[in-house]
Structure formats: C-alpha cells, structure tokens
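Novice:
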Amino acid sequence: MDLPSTRLSRIVDPALSRIAQGVSVIWVILMAVIVINVLSRYLFDQGRIEFEELQWHLYSMGFMLTIGYALVVDAHIRVDVFHERLSPRARLWIDFYGLLLFVVPFCLVMLWYGWDFFIYSFNIGEISASPGGLPFRWFIKSFLVIGFALLLLAALSRLSRLYAGLFARGT
Numbered sequence: 006m007d008l009p010s011t012r013l014s015r016i017v018d019p020a021l022s023r024i025a026q027g028v029s030v031i032w033v034i035l036m037a038v039i040v041i042n043v044l045s046r047y048l049f050d051q052g053r054i055e056f057e058e059l060q061w062h063l064y065s066m067g068f069m070l071t072i073g074y075a076l077v078v079d080a081h082i083r084v085d086v087f088h089e090r091l092s093p094r095a096r097l098w099i100d101f102y103g104l105l106l107f108v109v110p111f112c113l114v115m116l117w118y119g120w121d122f123f124i125y126s127f128n129i130g131e132i133s134a135s136p137g138g139l140p141f142r143w144f145i146k147s148f149l150v151i152g153f154a155l156l157l158l159a160a161l162s163r164l165s166r167l168y169a170g171l172f173a174r175g176t
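Here my numbering = 1-based position in the sequence shown + 5.
1. Output the distance between the C-alpha atoms of Tyr-47 and Phe-153, rounded to the nearest integer angstrom.
2. Got a sec? Which residues, its chain only, sit under 7 Å from Thr-11 by beta carbon, not counting five neighbours each side?
3. So what does DSSP say about Ile-99, is it helix, strand or coil?
4. Hey, quick one: how far does the alpha helix (DSSP H) through Pro-19 stretch, first residue to last?
5. Using C-beta distances below 7 Å, list every residue in its chain close to Glu-131, excluding the 5 sequence neighbours before and after it, in chain order.
6. Is Cys-112 closer than 7 Å to Leu-70 when the C-beta atoms are compared?
7. So the candidates are Glu-58, Ser-22, Ala-159 and Arg-15; which of them puts its Cα closest to the Cα of Phe-101?
8. Do Leu-116 and Glu-55 have their CB atoms nearer than 7 Å?
9. Please list the terminal residues of the continuous alpha helix (DSSP H) segment that includes Leu-158.
10. Could you check where the alpha helix (DSSP H) with Gly-138 kicks off and where it finishes?
11. Hey, out of Ser-135, Val-78 and Arg-163, whose CA is closest to Val-109's CA?
12. Is the Cβ-Cβ distance between Phe-123 and Ser-147 less than 7 Å?
13. Straight-line CA distance for Ser-133 to Ala-173?
14. Quick check on the burial criterion: 16 or more other C-beta atoms within 10 angstroms. Buried or exposed for Leu-59?
15. So, for Ser-14: in the same chain, excluding its five sequence neighbours on each side, which residues have a beta-carbon less than 7 Å away from its beta-carbon?
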C-alpha cells in the first residue's frame, strides 16, 4: 500500500535521499582503501594500521548516514514469512507500532548515551590505542549520534505517513 506523503515526510525524505546519494561515494573510497591495504600487505609485506582503521571508519560512516534512508524507502529487513500473510491494513498497524514502541525509543536511548560517549571522547582528545592508528576518535563516534538522529527523523517521517495512511478518509 502506498502511503500518503505528509508535511514532515516531504521535508525529511528528500533530505535523507540527498544524504544517501552524497554518502554513496564512501563505498567506492572504502573499496579502494581495502584494495590498497590488501595489496600492500600481500605484495609488499607492509600492513598499515591506519588503513585498517580507515576501513571501519568509512564503513561506520556509510552505514550510520544511510540507515535512516533505508527506513524511508522501506528497505529494512522484516520477517516476510509473517508479514506477507497479513492484510495491508494489519501491516500498516504493525509497522506503526513497531516504529512507535521499538525504533523511536531505541533511537532516543542511543542519542542519550551516544552523546555522552561522543562528548567524553572529544573532551579527552581520544585517539586510537594502536600505534600508527588514526587520531580524533571522537570524529567517528560523532556518527553514532548523527546516524541515530537521522534514523529518528526517518522514523518520525514514516510514522507520520503510516498515521496518514491508517486514518485517511475512505480507508
């Protein structure tokens, strides 16, 4: 069932789409870093810890910046064995309550604790514990906060669309 757009979804959904399009270059950079790291390790016997750390930094950034987009375009994982057997209206109710009771509270908890996690790292000037590792560990930790903020916006947008779909006239 196509959901009606709402004032909130007309602002949030395109913004998350633009972020996801912009972030897509991270996956290309990540693949290049992986190839360079593997080649330098196996051809030149020169493993670089900063490349290994950069790999998980790029992966984390790409994932956290696009998780909200996955929710907006309804590309997240479901137990389709059960979901497909339900009526369209029952699916809307399950999605509505799933977002309201699980996703939104989880995002709020992650934002609450993630903010302190990020600020502590920033205040102490945390760096990698590995010799030759990347500095500014707070930078990657900031994406935890940014990612869950974007996911929360996506959840609120989707909730508004589900609400409009459930309570639209004639349904």
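Don't be surprised by glycine CBs; every beta carbon is placed ideally from N, CA and C.
Specialist: Let me lay it out:
1. The residue given as residue 47 occupies position 42 in the sequence shown. The residue given as residue 153 occupies position 148 in the sequence shown. Roughly 37 Å between the two C-alpha positions.
2. Translated into the one-based positions of the sequence shown, residue 11 becomes position 6. Excluding sequence neighbours, Thr-11 sits near Ser-165, Arg-166 and Ala-169.
3. Counting from one through the sequence shown, the residue named residue 99 turns up at place 94. Helix at Ile-99.
4. Numbered from 1 along the sequence shown, position 14 holds the residue referred to as residue 19. First-last of the alpha helix (DSSP H) with Pro-19: 12-48.
5. In the sequence shown, residue 131 corresponds to position 126, counting from 1. Hits under 7 Å: Arg-142 and Trp-143.
6. Here residue 70 refers to the residue found at position 65 when the sequence shown is read from its first residue. Here residue 112 refers to the residue found at position 107 when the sequence shown is read from its first residue. No, these two residues do not count as a Cβ contact at 7 Å.
7. Walking along the sequence shown from the start, residue 101 turns up at place 96. The candidate whose alpha carbon is nearest that of Phe-101 is Ala-159.
8. By one-based count along the sequence shown, residue 116 stands at place 111. By one-based count along the sequence shown, residue 55 stands at place 50. No, the pair does not count as a contact, with Cβ atoms beyond the cut-off.
9. Taking the sequence shown and counting its residues from 1, the one referred to as residue 158 is at position 153. From DSSP, the alpha helix (DSSP H) with Leu-158 extends over 142-171.
10. Along the sequence shown, one-based indexing puts residue 138 at 133. For Gly-138, there is no enclosing alpha helix (DSSP H), as DSSP marks it with neither H nor E.
11. As a first step, residue 109 is located in the sequence shown; it is residue number 104 there, counting from the start. For the residues Ser-135, Val-78 and Arg-163, the minimum Cα distance to Val-109 belongs to Arg-163.
12. For this step, residue 123 is matched to residue 118 along the sequence shown. For this step, residue 147 is matched to residue 142 along the sequence shown. Result yes, Cβ atoms of Phe-123 and Ser-147 sit closer than 7 Å.
13. Within the sequence shown, numbered from 1, the residue matching residue 133 stands at position 128. Within the sequence shown, numbered from 1, the residue matching residue 173 stands at position 168. The straight-line gap from Cα to Cα measures roughly 52 Å.
14. Translated into positions along the sequence shown, residue 59 becomes position 54. A residue is called buried when at least 16 other Cβ atoms come within 10 angstroms of its Cβ; Leu-59 meets this threshold and is buried.
15. Within the sequence shown, numbered from 1, the residue matching residue 14 stands at position 9. Same-chain partners within the cutoff: Ser-162, Ser-165 and Arg-166.
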